[in-house]
Each structure stands twice: as structure tokens, then as C-alpha cells.
Amino acid sequence: MVLGPGKVDLLEAIGRTGSISAAGRELGMSYRRAWLLVDALNHMFPDVLVTAAPGGSHGGGAKLTDYGRGVAAAYRRVEARARAAMREELAPFNVRVDQD
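The letter at position 72 of the sequence shown is residue 107 when you use my numbering, and the numbering goes up by one with no holes.
Here it is as C-alpha cells:
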């Protein structure tokens, strides 16, 4: 699968923090892992999802692009529809779908 909840969590965290490093820390992953995921995401889609500037004395940081925000929002909409469909289909079996 090209996109999943972990990658979307990372995109959203980058949007909140403005940093790949801070987003990785927030999600309990190394900077390297977060950077590799961002790089993979940027190569999976026809446009970039995250732009990044090197850190150092001039600051740096990362930004979720409008395209990236759109991809994350679309994923969350699909996720919500899937949850609703599961709830409906599994209702006869008395299953609580929203539990983790």
C-alpha cells in the first residue's frame, strides 16, 4: 500500500511541528526513519508532499505542501468511510469497530 495511517500521522505531525525531526520524535521514530518515509512519499506522488530546508545555524525546517495536506485529508476521509462501512457491516455481530 502506498499510503497508510503511520505515513499520514507523520505528514500531519510535520504540518503541526514544521520539522521532520520533531515530527519523528512526536511519533517515537528516529529522524532517519522519518526522513526516509518523507523521501519515499515525495517520490510516490506526482507532486511533493513535504518540502524541507537543511537545519544548522539558519534554522531549516519542513513544510507540508498544499498537495500534502490534500493527500492527508483525502486519506482521513477514506478512513472515516471505511470505519462507517465496517460499523454497518459488522453491526449484526455486535462488534465495536472503534476500539483499539
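All C-beta atoms, glycine included, are put in the ideal place defined by N, C-alpha and C.
Keep in mind that this is a model prediction, so the values were computed, not measured.
Review point. Just curious, the alpha helix (DSSP H) that Thr52 is in, first and last residue?
Key: The continuous alpha helix (DSSP H) containing Thr52 extends over residues Pro40 to Thr52.
Point to revise | Spatial distance of Glu114 from Gly90 (CA atoms) | key: Rounded to the nearest whole angstrom, the C-alpha separation of Glu114 and Gly90 is 34 Å.
Exercise for review: Measure the alpha-carbon distance for Asn129 versus Arg111 and round it to whole angstroms.
Suggested key: 25 Å
Point to revise | Contacts around Glu61, its chain only, beta-carbon distance under 6 Å, and the 5 residues preceding and following it disregarded | key: Ala48
Exercise for review: Look at Ala97 and Gly53 and say whether their C-beta atoms are less than 8 Å apart.
Suggested key: yes
Exercise for review: Out of Gly50, Arg116, Gly63 and Arg68, point me to the one whose CA is closest to Thr214's CA.
Suggested key: A question about residue 214 goes unanswered here, because the residues of the chain that appear run from 36 up to 135.
Exercise for review: With DSSP collapsed to three states, give me the class of Gly90.
Suggested key: Coil, per DSSP.
Check your understanding: Leaving out the 5 sequence neighbours to the left and right, which residues in its chain are closer than 7 Å to Glu124 when beta-carbon positions are compared?
Key -> Closer than 7 Å at the Cβ level, and outside the excluded window around Glu124, lies no residue.
**Study point:** Backbone secondary structure at Leu84 - three-state DSSP
**Key:** coil
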